[in-house]
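Peer 1:
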Amino acid sequence: MKKLFKCSVCNFIWEGEDAPAVCPKCGQPHEKFVELTPEQAALVYKSEKTNDIHMKIVTLVDKMIEVSKQGIILDLDPACVAGFKAAIEEGYIIKQRSKAEIENHIGKGKW
Ligand SMILES: [Zn+2]
1 MKKLFKCSVC NFIWEGEDAP AVCPKCGQPH EKFVELTPEQ AALVYKSEKT
51 NDIHMKIVTL VDKMIEVSKQ GIILDLDPAC VAGFKAAIEE GYIIKQRSKA
101 EIENHIGKGK W
């Protein structure tokens with residue numbers, strides 16, 4: 001597990017043996033970085049894969065919603081259109097659930 005350094009200005013997390021010369025996100029100097037404790041770093045590493053899965057779910061649901069909209073436009077029959085509309089509504093719930101989890105993780109330093 002490499003060391004992690006967080007920019008105290010923008011919260012960008014840098015992985016490496018030392019903090020970068022300048023923050024890749026906000027351009028602040030090296031001195032603005034604070035090394036995360038091993039406990040804080042463990043939270044970041046432990047949650048990385050799970051956060052990625054949540055983001056992939058959001059992306060996949062966006063694709064599902066787009067496909068469902070195409071089905072609504074085709075308008076083959078009422079049952080199909082109702083199914084596509086339900087998929088859009090359910091997709092919204094799935095997306096919001098994953099986004100809420102990501103927000104909870106960030107609030108706990110797990111990102
Ligand atoms: Zn920064």
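Sequential numbering from 1 applies to the sequence shown in full-length UniProt numbering.
Where a beta carbon is used, it is the ideal one built from N, C-alpha and C, also for glycine.
List the endpoints of the continuous alpha helix (DSSP H) containing G91.
Peer 2: 78-107
Peer 1: Is V9 near ligand 1 - that is, is its Cβ less than 7 Å away from at least one heavy atom of it?
Peer 2: yes
Peer 1: Kindly give me the distance between the Cβ atoms of residue 130 and K6, rounded to whole angstroms, as I take these residues to be in contact under 8 Å.
Peer 2: Shown here, the chain extends from 1 to 111; a query on residue 130 therefore has no answer.
Peer 1: Assuming contact is defined by CB atoms lying nearer than 8 Å, are V58 and Q28 in contact in what I supplied?
Peer 2: no
Peer 1: At a cut-off of 7 Å, is F5 close to ligand 1 when judged by its beta-carbon and the heavy atoms of the ligand?
Peer 2: no
Peer 1: For ligand 1, any of its heavy atoms closer than 7 Å to the Cβ of K25?
Peer 2: Yes, the beta carbon of K25 sits closer than 7 Å to at least one heavy atom of ligand 1.
Peer 1: For K32, which residues from the same chain have a beta carbon less than 8 Å from its beta carbon, with the 5 sequence-adjacent residues on both sides left out?
Peer 2: C7, S8, V9, C23
Peer 1: Tell me which same chain residues have a C-beta within less than 6 Å of the C-beta of K50, skipping the five on either side of it?
Peer 2: The sequence as given places Thr at residue 50; Lys does not occur at that position. Nothing listed; no residue qualifies.
Peer 1: Pull up the distance between the alpha-carbon of G91 and that of S68, whole angstroms please.
Peer 2: 10 Å
Peer 1: Quick one: does the C-beta of Q40 sit closer than 7 Å to a heavy atom of ligand 1?
Peer 2: no
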